[in-house]
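J.: Chains as they are written, first to last, in the working numbering: chain A, 270 to 630; chain B, 3 to 282; chain C, 3 to 379.
Every residue, glycine too, gets a C-beta built ideally from N, C-alpha and C.
Keep in mind the model is a prediction, meaning the values are calculated, not measured.
Take this structure first; my questions come after.
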Amino acid sequence: MTDPILSIRNAVKTYGKINALDRVDLDVADGEFLTLLGPSGSGKTTLLTAIAGFAPLTSGTVSLRGKNISGEPPEHRGFGMVFQGYALFPTMSVRDNVAFPLRVRKRPKSEVDARVEECLDLVQMNAFADRMPSQLSGGQQQRIALARALSFKPQVLLLDEPLSALDKKLRADLQWELKALHDRLGVTFIYVTHDQDEALSMSDRIVILKDGRIQQQGDPETLYNLPRTPFVADFLGKSNFMDLTVTAREATGLSCTIGNAAFPVDAPDALAIGERVKVALRPERIRLAEAGKEMLSGTVRQVSYLGERCQVIVKHEELGEILVSRPTWKVGVHPEAGLAVSFGWDRDACVVLENDENEAA
Amino acid sequence: MPRFSDKFRYWALVLPALAIMIVFYIWPLLGIWVISLNEPVVGLGNYAKMADSNAVKTSFVITFRVAFVTTIGCLILGYIVAYAISNFAGRVKPLMIALVLLPFWVSVLIRSFSWIVLLGRSGIVNDALRGAGIIDSPLRLMHNEFGVVLAMIHVMLPFAVLPMMANMRGISSSYVDAARGLGASEWTAFRKVYFPQTMPGVMSGALLVFVLSLGFYVTPALLGGGRVLMISEYITYQIQEFLNWGLGSALSVTLLVATALVIAVAARFVNLRSALLERG
Amino acid sequence: MTDTTDHEAKLDLVEIAAYRYREGRLTRRGFISAMAALGVLPALGSKALAGANELVVVNWGGRPTEVLQEVLGDTYTAATGVKVIVDGSGPSGGKIRAMVESGAVVWDLCDSGMGTAIILEQQGITQPIDYNIVDRNKVIEGTAYSNGVGNYVYSYVLATNSKMLGGNVPKTWADVWNTKDFPGMRTFRKSVRGMLESAVMAQGVPTKDVYEVLGTQDGINGAIDMFRKLRENIIVWGSGSDSQNLFLQEEVAMGNIWHTRAFLLKDQIEGGTFDISFDGGVIAPGVWVVPKNNPAGTEEVMKFIAHGQDPALQVKWLELIGSGPINPAAAALVPPELAAWNPSSPENLATQILYNDEWYAKNQQAAEELYIDALIN
């Protein structure tokens with residue numbers, strides 16, 4: 270990474286005995302769309318709050334372009350912010366809300382007016398300039414909050430679950446818009462969410478947090494395909510988990526077994542024969558076929574059609590219940606409960622996992 | 003069980019309170035209107051006399067002036083208290099709210115007498131100041147408008163604090179955070195973002211204190227030394243001392259109308275429903 | 003729906019309550035509330051209560067309430083067996099009128115004043131005094147009215163606390179108006195009664211001519227202007243206890259107050275620095291009035307009033323709280339050390355003027371208006 274715009278070093282935040290952030294290191298590149306993803310209580314909002322300057326860190330530093338800003342009050346940090354619930358000032362019109370950051374910076378009136386127009390234009394809300402926030406729908410308020418956060422041309426925009434209050438369809442639309450806006454403006458986005466779809470669809474890089482620690486970070490594709498821990502594998506998409514034993518080393522990889530079933534797995538060389546490993550298997554990587562055609566046999570337990578995809582739960586004697594997800598047009602069999610089927614996967618479909626950090630500890 | 007219509011239920015629930023209001027409030031009130039027009043002779047004599055009297059005019063001026071100053075004092079002190087409790091009290095919040103409510107459990111009479119003990123010529127304040135060598139002869143802290151206003155601010159303070167606190171409770175801290183995150187200093191965030199949102203609470207507190215102060219009797223009577231004659235004391239004086247029910251009633255009616263006017267004017271600026279009913 | 007209320011049963015309950023009340027097994031308050039609960043109070047009148055073995059006498063609270071109980075009440079009970087309750091809740095004319103008009107009279111005898119007694123009589127609130135029972139020769143001349151009779155006398159006097167004046171004590175009303183030589187706060191009553199007279203005397207008018215001067219509007223205005231000039235130095239007293247407190251708390255150095263309160267203050271203020279002067283005082287009688295339909299009945303009240311005319315009891319009253327005897331025969335029985343505090347002693351009577359009711363009936367209301375205006379405007 271070239272010089273990061275923002276670096277966090279050894280950030281710790283404690284509330285009483287609870288470590289909300291536990292020795293977090295993070296660099297953010299200029300112009301990046303970075304997402305902090307995690308369940309509630311994972312520390313993602315605490316991290317954002319610490320970056321914004323609302324709650325100082327217990328220890329550790331936040332630096333902006335190499336300058337330590339840990340002690341600066343929020344108003345001196347110069348970040349744009351979009352809040353969960355938007356926090357549009359209810360006593361001000363849309364125009365005054367958007368002008369607010371410019372006015373507190375004592376910009377000349379002509380510049381303020383021009384910039385407000387420009388920003389409202391950016392989010393296509395010019396027609397609503399004289400409305401009060403209470404007269405706007407949730408999606409409209411969201412756009413205004415965005416315009417307000419961008420009006421003073423911040424280098425970094427902090428977004429705290431900005432879409433969580435919206436319904437699913439609107440949320441999907443706004444995801445595209447946000448992404449487009451990011452690409453157009455070149456501003457660094459730090460985006461907090463608990464929604465994996467949002468994270469996957471928009472981010473350049475996702476940082477997954479759990480219990481105040483970074484679990485794994487990387488671009489969406491890598492994270493999705495190569496999760497390192499069961500937590501990441503489960504939190505980002507769905508996974509089937511299997512506890513296997515390494516039985517043989519072959520030219521192309523390992524052969525692993527569970528009970529009487531044996532199959533190949535791509536795995537690091539370090540694994541020794543007889544070692545037990547946990548692997549994750551994505552439901553969409555599993556093929557379904559008529560009985561006897563694939564390497565493993567099972568019985569269909571349950572089927573649910575989700576439109577574009579069809580999910581099938583297959584019961585296997587040793588593996589237990591396996592979730593299979595197939596494109597609706599290419600299921601492989603016509604599944605119904607009780608049907609005997611066979612299933613299998615390519616050897617690179619299984620990902621060998623490390624133990625969860627805290628479980629190891 | 004017989005089945006009652008909703009309408010019946012509604013009236014069955016409302017009627018007892020309504021009946022009490024009509025019998026013990028509305029009816030005597032109408033009686034006062036009648037007396038003001040009937041005694042000692044039928045006509046508007048009492049009102050004419052009232053309009054002629056310099057003493058009555060002065061008393062009304064004093065009443066409004068004292069109520070106004072009391073309101074301003076209560077708003078300033080009450081706002082600080084309500085703000086501190088709403089934003090900084092943390093775990094001691096229930097205790098602080100209890101302390102605000104505490105004066106309600108002590109009668110106004112006792113509280114006013116306490117001020118006499120404090121503010122008298124040989125009261126605690128004067129003794130302390132003299133003991134410290136700050137003053138030679140005692141200051142006149144009561145038996146004047148200063149003492150009355152001071153004690154009334156004390157008595158009325160909870161009426162200002164409670165609506166403002168209820169209003170502030172409904173204001174999310176995210177607004178001030180947002181303002182600061184967008185570049186406003188703490189003071190600017192308070193002034194431009196927080197304060198405007200507390201205006202409904204301020205207005206209802208102001209209205210409550212002002213209206214209650216207009217009709218206040220005990221404190222001015224005890225601490226005014228007879229020189230701060232507010233209209234309700236004047237009414238008592240007319241009726242108890244001179245048996246002048248006619249003029250006393252006319253004064254009451256005028257005070258009532260004046261108070262109603264204040265509320266009517268306030269209604270132009272304040273949403274009364276939200277100010278008085280939907281606190282917070 | 004027909005009215006099925008059992009009126010006869012209700013009347014029976016009233017009789018039972020009245021019976022228990024006569025037997026003394028139900029207090030008057032209990033009785034009144036029982037009657038109110040039955041909804042029969044207004045119709046009841048005095049009939050059910052006649053002969054009830056209890057008298058409620060009302061005065062203005064404080065020590066005088068205890069003394070009245072002791073001197074007149076308990077001695078009357080000892081003599082007749084009739085229980086006397088002295089209530090200090092302050093029988094203002096307004097309260098008496100409200101009580102009589104509402105039909106719920108609980109007071110038998112009220113300690114009122116001349117002015118109020120006259121207004122109440124005109125408004126038909128009080129009943130006539132029965133001078134077959136009450137002796138009109140046992141009161142100072144001019145204090146036996148048709149609907150009220152004198153019970154004791156009191157004076158508006160110049161009271162001073164020399165401790166607060168550096169020993170330089172004002173002797174006359176003119177001194178009281180001289181704030182240069184006699185600095186400090188003064189107290190006057192929240193009413194012109196007994197006050198305007200002092201303002202007139204302060205202008206140099208001889209005692210005997212005071213009401214003559216006040217007989218003209220110019221005279222009244224002149225007296226009022228005196229208060230306007232002095233007002234920055236005035237704290238007003240509303241009740242007797244107010245005046246007492248103002249001296250006790252050293253809020254005021256001098257004032258025009260009732261001698262009965264001064265009588266208490268002389269023992270309460272340390273060092274004997276408190277004194278009064280009857281010179282230029284205004285002497286006024288307290289007046290018994292009997293509300294119409296009083297619960298104990300007319301005869302019982304009249305007997306009680308007559309009982310109180312005994313000169314020995316009147317001197318006792320003076321000894322305890324300084325109330326001046328209304329019965330001229332009492333002066334001879336007053337102990338020598340108290341003679342100086344007796345407003346109706348021949349020496350003190352000579353330097354005072356008698357409170358002029360006629361003047362007050364005619365001018366008080368207008369004068370009060372001007373007085374308030376002078377004090378607050």
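With H, G and I counted as helix, E and B as strand and the rest as coil, what does DSSP make of Arg22/C?
T.: Bear in mind that a pLDDT of 46 at Arg22/C, under 50, signals an unreliable position, so the number given afterwards is only what the model happens to contain. Of the three classes helix, strand and coil, the one that applies to Arg22/C here is helix, per DSSP.
J.: State the Cα-Cα distance for the pair Asp464/A and Leu592/A, rounded to the nearest angstrom.
T.: One C-alpha to the other measures close to 21 Å.
J.: Is it right to say Gln484/A is buried, meaning 16 or more other beta carbons lie within 10 angstroms of its own, or is it exposed?
T.: buried
J.: So the beta strand (DSSP E) Ala609/A belongs to, where does it begin and stop?
T.: Boundaries of the beta strand (DSSP E) around Ala609/A: Ala609 to Gly613.
J.: So that I know if they touch, is there some Cβ in chain B lying closer than 8 Å to that of Asp375/C?
T.: yes
J.: Measure the alpha-carbon distance for Asn395/A versus Ser403/A and round it to whole angstroms.
T.: Their Cα atoms are separated by approximately 17 Å.
J.: If Gly96/C sits next to Gln242/B, beta carbons under 8 Å apart, how far is it from one beta carbon to the other, in whole angstroms?
T.: 4 Å
J.: Taking Cβ-Cβ distances shorter than 8 Å, what residues in chain B pair up with Glu559/A?
T.: Result: empty, since nearest Cβ-Cβ is about 58 Å, beyond 8 Å.
J.: Is Pro370/A close to chain B, meaning its C-beta is less than 8 Å from at least one C-beta of that chain?
T.: yes
J.: Assuming Asp294/A and Thr457/A are in contact, meaning their beta carbons sit under 8 Å apart, how far apart are those beta carbons, in whole angstroms?
T.: Between Thr457/A and Asp294/A the Cβ distance is about 18 Å, and since that is not below 8 Å, they are no contact.
J.: Leaving aside the five residues before and after Gly607/A along the sequence, list all residues of the same chain whose C-beta is less than 8 Å from its C-beta, in chain order.
T.: Thr568 and Val569
J.: Mind listing which residues of the stretch 159–190 of chain B have their C-beta closer than 8 Å to chain A's C-betas, in chain order?
T.: Going along the stretch 159–190 of chain B in chain order, one finds Ser174, Ser176, Tyr177, Asp179, Ala180, Ala181, Arg182, Gly183, Leu184, Gly185, Ala186, Ser187, Glu188 and Thr190 with a Cβ nearer than 8 Å to chain A.
J.: Tell me, please, whether the stretch 314–328 of chain A touches the stretch 415–429 of chain A by the rule of three or more beta-carbon pairs shorter than 8 Å.
T.: Contact holds: three or more Cβ-Cβ distances are below 8 Å.
J.: For a quick check, are the C-beta atoms of Ser420/A and Val385/A less than 8 Å apart?
T.: yes
J.: Who pairs with Thr304/A in a beta bridge, going by DSSP?
T.: Tyr460/A and Ile475/A
J.: Between which two residues does the alpha helix (DSSP H) containing Glu339/C stretch?
T.: Looking at the DSSP string, Glu339/C is not in any alpha helix (DSSP H), and its letter there is neither H nor E.
J.: Going by the CB atoms, is the gap between Leu333/A and Ile274/A shorter than 8 Å?
T.: Against a cut-off of 8 Å, the Cβ pair of Leu333/A and Ile274/A comes out as a contact.
J.: Give the DSSP bridge partners of Leu290/A, in chain order.
T.: Lys282/A
J.: Near Ala630/A, which residues of its chain fall below 7 Å by C-beta distance, leaving aside the five closest residues on each side in sequence?
T.: Note that Ala630/A scores a pLDDT of 34, beneath 50, so its modelled location is shaky and nothing firm can be said.
J.: List, in order along the chain, the chain B residues whose C-beta lies closer than 8 Å to that of Ala356/A?
T.: Ser174, Ser176, Tyr177, Asp179 and Ala180
J.: Could you tell me the boundaries of the beta strand (DSSP E) in which Leu550/A lies?
T.: Arg545 to Leu550
J.: Under 8 Å Cβ-Cβ, which residues of chain B neighbour Gly257/C?
T.: The premise fails here: Gly257/C is roughly 12 Å from chain B at the closest Cβ pair, so nothing lies under 8 Å.
J.: Measuring straight from C-alpha to C-alpha, what distance separates Val178/B and Ala191/B?
T.: 6 Å
J.: Give me the residue from Ala418/A, Gln411/A and Asn529/A with the minimum Cα distance to Ser433/A.
T.: Gln411/A
J.: Can you list, in chain order, the residues of its chain whose CB lies under 6 Å from that of Leu39/B, leaving out five sequence neighbours each side?
T.: none
J.: Identify every residue that forms a DSSP beta bridge with Lys364/C.
T.: Answer is none; Lys364/C lacks a bridge partner.
J.: Is it buried or exposed for Tyr23/C, if we count other Cβ within 10 angstroms and need 16 for buried?
T.: Annotation note: pLDDT 48 at Tyr23/C (below 50); position unreliable, no value reported.
J.: Is Asp244/C buried or exposed, if buried means 16 or more other CB atoms sit within 10 Å of its CB?
T.: buried
J.: Is there a C-beta anywhere in chain A that falls below 8 Å from the one on Val272/B?
T.: no
J.: Would you be able to state if there are at least three C-beta pairs under 8 Å between the stretch 177–188 of chain C and the stretch 342–356 of chain C?
T.: no
J.: Short of 9 Å Cβ to Cβ, which residues in the stretch 354–375 of chain C face chain B?
T.: Gln366, Gln367, Glu370, Glu371, Leu372, Tyr373, Ile374 and Asp375
J.: Is His451/A buried or exposed, if buried means 16 or more other CB atoms sit within 10 Å of its CB?
T.: buried
J.: Is it buried or exposed for Phe271/B, if we count other Cβ within 10 angstroms and need 16 for buried?
T.: Counting the other Cβ atoms within 10 Å of the Cβ of Phe271/B gives fewer than 16, which makes it exposed.
J.: Taking the alpha-carbon positions, what's the Val195/B to Leu326/A distance?
T.: 26 Å
J.: So, are the CB atoms of Gly324/C and Trp62/C less than 8 Å apart?
T.: no
J.: Give the interface partners of Ala57/B over in chain C, defined as CB-CB distance under 9 Å, in chain order.
T.: Glu370, Glu371, Leu372, Tyr373, Ile374, Asp375, Ala376, Leu377, Ile378 and Asn379
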